[in-house]
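Here is the structure we will look at.
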Amino acid sequence: MSGSEAGGPSRRLTSLAALLLVFLGLLCPPAWAAAAEDAQAAANKQFVQALMLVRKAEVSFDPKDEAALLREAERLIDEIVQRWPESAIAVQIVTNQYIGDFDVYEFRQKVRSLVCNEALSTACFLYRIEEMLPPLDDPITTPRWDWLSLAVAHHLKGSQDHARELIQPFVAAARRGGVQGDAGDLFVSRALALMGQTDLALQITRGIPDCSTRLYNLTDIAEVLSWRGAKEQAAQLAEEAKGYAAAHKCTWELGLVVQALLQTGREAEARTLFLNTVEQQFSRFQANRSKTQCCPAELAVAAAQVGDPNLALNILRTVQDESPWTIPAVLGRLARRGETQLTGAFLEQVQDVDLRAEILGQFVSAAIGRGDPAAAQENLRALVELSEQPSGRRPTVLAQRAVAERQSFEDERWRTSFQAALNAAEKSSAFVRRDIGAPLLAALIEIETGNPLLD
501 MSGSEAGGPS RRLTSLAALL LVFLGLLCPP AWAAAAEDAQ AAANKQFVQA
551 LMLVRKAEVS FDPKDEAALL REAERLIDEI VQRWPESAIA VQIVTNQYIG
601 DFDVYEFRQK VRSLVCNEAL STACFLYRIE EMLPPLDDPI TTPRWDWLSL
651 AVAHHLKGSQ DHARELIQPF VAAARRGGVQ GDAGDLFVSR ALALMGQTDL
701 ALQITRGIPD CSTRLYNLTD IAEVLSWRGA KEQAAQLAEE AKGYAAAHKC
751 TWELGLVVQA LLQTGREAEA RTLFLNTVEQ QFSRFQANRS KTQCCPAELA
801 VAAAQVGDPN LALNILRTVQ DESPWTIPAV LGRLARRGET QLTGAFLEQV
851 QDVDLRAEIL GQFVSAAIGR GDPAAAQENL RALVELSEQP SGRRPTVLAQ
901 RAVAERQSFE DERWRTSFQA ALNAAEKSSA FVRRDIGAPL LAALIEIETG
951 NPLLD
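Counting in the working numbering, the sequence shown runs without a single skipped number right up to 955 at its last residue.
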């Protein structure tokens, strides 16, 4: 008997058994099908329970009860996804689809807005700022310091998961190189450094060949490390910046290197580099103004820290039109050195209300730093008066007032001023609203941490 013949009866029995199983399966649905039906039923039941809580919250007059009901509804909805991910309703929740007339995304936003039941809380301030920010492009290809600042703010306030969600698309864009412009920078390295991700920040930075971007990132990361007390690593990065500038002839960025050396305690070295740079850049410009481009704005800031005050103001005058941010930066640093007469006279020439407010804020901080409470109060009074004039009811002016009040007083009066800044921003034109997020976040971070966002 052949092998095939010997196995024939056995194979026929096996085939019959298989057919029997198929027939029984048609009569009795498999266990998995029953389980799927049970999961769907349980998910639907729990969703109805959540929806009833939402309806109950909508007719509540007590904000505490409303918040408790909505948060319990959110917990039930989140549990559906965790316990019955195979259910159709879980898929709708995860993808923010309408479920009947229930808008999942709108519900999430409403729950997030509950933080503003405490209108003067930092959480409410962050929520309101985020609502003002222009939406991100998809995919991300351009720098957005406002959204990155928001990520930093959430990280510093303990919402690390939300912070990572905000910054992750920028990190991904930086890694794939999908960034417009020659530098390929998204400010992402600086934001990562502020969030404590120093290694990743340096990894991205060291892959950027552009002088300006590379040195800005290195010196900013060094500054963040100095704030955290990591002096040795900060000094190493300052030296790396100096070496990179020398090796790649990055002369335009030497003002940044001077600042980094000063930040890490290498004053003599910083002074020597500064004097050489001034000779190469500013002195040559003065000798031949018609043919020579002047110096970078960063050299004016370095001059305010280590150079002659009159020299610093002379450099400032040559760069302030193209880089107005240098005016408060330079005047504030000079004021910390006690140069109040020169800086006060310069302030009188500044007509822009926002710049005047920022300068006065710098003067308050400088006076506190050098132990002159009378001068601090005098400048604060001037800032308050400015903010109360019709021309001064502007978001940035009110935010600067809040920063100065936080530095000057132990109480929470700054919160009312910051709330007024948000109110003014929300009432502003679309043009102002588009650009106001980053300055408001910078002010809030400085208030909460004592350190400003990076320049």
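Quick reminder that beta carbons are idealized off the backbone N, C-alpha and C, glycines included.
Residue environment, Tyr-716, which counts as buried when at least 16 other CB atoms sit within 10 Å: Counted from its first residue, the sequence shown places residue 716 at position 216. When all chains shown are included, Tyr-716 counts as buried.
Pick from Leu-847, Leu-614, Arg-894, Arg-906 that is closest to Ser-929, judged by C-alpha positions: As a working mapping, residue 929 is identified with position 429 in the sequence shown. Ranking the options by Cα distance to Ser-929, first place goes to Arg-894.
Given 8 Å, three or more beta-carbon pairs between the segment 829-836 and the segment 863-879: yes
Start-to-end residues for the alpha helix (DSSP H) that takes in Glu-566: Taking the sequence shown and counting its residues from 1, one reaches residue 566 at position 66. 563-583 is the span of the alpha helix (DSSP H), which, as asked, contains Glu-566.
Contacts around His-590, its chain only, beta-carbon distance under 8 Å, and the 5 residues preceding and following it disregarded: Counting from one through the sequence shown, the residue named residue 590 turns up at place 90. Sequence inspection shows Ala at residue 590; the His mentioned does not correspond to that position. The answer, listed in chain order, is Ala-543, Ile-580, Val-581, Trp-584.
Member of Val-724, Ser-689, Ala-693 whose CA lies at the smallest distance from the CA of Gly-707: Locating residue 707 in the sequence shown gives position 207, where the first residue counts as 1. Cα-wise, what sits closest to Gly-707 is Ser-689.
Cut-off 8 Å between Cβ atoms - residues of its own chain near Lys-657, not counting five sequence neighbours on either side: Indexing the sequence shown from 1 puts residue 657 at position 157. Cβ within range, chain order: Thr-622, Ala-623, Leu-626, Glu-948.
Residues bridged to Phe-602 [DSSP beta-bridge criterion]: On the sequence shown, position 102 is the one that residue 602 refers to. Ile-599, per the DSSP bridge assignment.
Range of the contiguous alpha helix (DSSP H) that encloses Asn-776: Position 276 of the sequence shown, counted from the start, is the residue given in the question as residue 776. Per DSSP, Asn-776 belongs to the alpha helix (DSSP H) from 767-778.
Beta-carbon proximity check, Thr-896 vs Ala-857, cutoff 8 Å: Within the sequence shown, residue 896 is the residue found at index 396, counting from 1. Within the sequence shown, residue 857 is the residue found at index 357, counting from 1. Yes, the Cβ-Cβ distance between Thr-896 and Ala-857 is below 8 Å.
Residue span of the alpha helix (DSSP H) that contains Met-695, given as start and end: As a working note, residue 695 is residue 195 in the sequence shown. Met-695 -> no alpha helix (DSSP H), and no H or E assigned at all.
Among Asp-821, Ala-812, Leu-692, Glu-537, the one whose alpha carbon lies nearest that of Gln-851: Counting from one through the sequence shown, the residue named residue 851 turns up at place 351. Taking only the C-alpha atoms, the option nearest Gln-851 is Asp-821.
Leu-614 (DSSP reduced to helix, strand or coil): Taking the sequence shown and counting its residues from 1, the one referred to as residue 614 is at position 114. In this structure, Leu-614 counts as helix in the three-state DSSP scheme.
Status (buried if at least 16 other CB within 10 Å, exposed otherwise) for Gly-937: Translated into the one-based positions of the sequence shown, residue 937 becomes position 437. So Gly-937 ends up on the buried side.
C-beta atoms of Val-777 and Leu-756 nearer than 8 Å: For this step, residue 777 is matched to residue 277 along the sequence shown. For this step, residue 756 is matched to residue 256 along the sequence shown. Residue identity differs from the one stated: residue 777 is Thr in this sequence, not Val. No, these two residues do not count as a Cβ contact at 8 Å.
Contact with chain D by Val-806, beta-carbon distance below 8 Å: The chain inventory of the structure shown lacks chain D, comprising one protein chain alone.
C-alpha gap between Ile-629 and Lys-564, whole angstroms: Within the sequence shown, residue 629 is the residue found at index 129, counting from 1. Within the sequence shown, residue 564 is the residue found at index 64, counting from 1. Cα to Cα, the separation comes out at about 23 Å.
Host alpha helix (DSSP H) of Asn-810 (start-end): Here residue 810 refers to the residue found at position 310 of the sequence shown. It spans 809-819 - the alpha helix (DSSP H) in which Asn-810 sits, taken as one unbroken run.
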